[in-house]
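In the UniProt record's numbering, the protein residues as written are 1 to 107.
Each residue gets a CB set at the ideal place from its N, CA and C atoms; glycine is no exception.
Structure first, commentary second.
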Amino acid sequence: MTARAVTEATFDQEVLQNEKTVMVDFWAEWCGPCRAVSPILDQIATEHADKLDIVKLNVDENPQLAIKYQITAIPAMKVFKGGEVVQTVIGAKPKPALEADLAAYLQ
Numbered sequence: 001m002t003a004r005a006v007t008e009a010t011f012d013q014e015v016l017q018n019e020k021t022v023m024v025d026f027w028a029e030w031c032g033p034c035r036a037v038s039p040i041l042d043q044i045a046t047e048h049a050d051k052l053d054i055v056k057l058n059v060d061e062n063p064q065l066a067i068k069y070q071i072t073a074i075p076a077m078k079v080f081k082g083g084e085v086v087q088t089v090i091g092a093k094p095k096p097a098l099e100a101d102l103a104a105y106l107q
């Protein structure tokens, strides 16, 4: 399983109403670090599919959500639990660092 795309139309159902913890990757096509972290997020999504959903939101195509969640730099990843942001991770990181940041949600 890889990280799936969400849009402003599907964000409420896919993220805010999801019973699982959800990590949203705010990214853009032109962003090199975003492209670098994408396969890492796909790996984490596959390995921890039972505990964590990972979705991608293109900030160029969904500017209202980028504004709402105060995305000023990408890649930015926000972890949602029960419809609320519980953690923010900024910047591309190697897999061990991302897994360490997400450790509380991967138990």
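Continuous alpha helix (DSSP H) stretch holding residue i: start and end
i     : result
Lys95 : Lys95 to Asp101
Leu65 : Pro63 to Lys68
Endpoints, the beta strand (DSSP E) within which residue i is located
i     : result
Lys81 : Ala76 to Lys81
Ile90 : Glu84 to Ile90
Three-state secondary structure assigned by DSSP to residue i
i     : result
Thr7  : coil
Glu47 : helix
Val37 : helix
Val59 : coil
Leu16 : helix
Residue i burial status per 10 Å Cβ neighbour count (16 or more: buried)
i     : result
Glu29 : exposed
Val15 : buried
Ile71 : buried
Lys20 : exposed
Val85 : exposed
Ile74 : buried
Asp12 : exposed
8 Å CB neighbourhood of residue i in its chain, flanking five on each side removed
i     : result
Lys95 : Ile40, Gln43 and Ile44
Beta-carbon proximity list for residue i, same chain, < 6 Å, skipping 5 on both sides
i     : result
Ile89 : Residue identity check: residue 89 is Val in the sequence provided, not Ile. Excluding residues within five positions, the ones whose Cβ falls inside 6 Å are Met77 and Asp101.
Quiz item: Counting pairs of Cβ atoms below 8 Å between the region 94-107 and the region 39-57, do you hit three or more?
Solution: Yes, the region 94-107 is in contact with the region 39-57.
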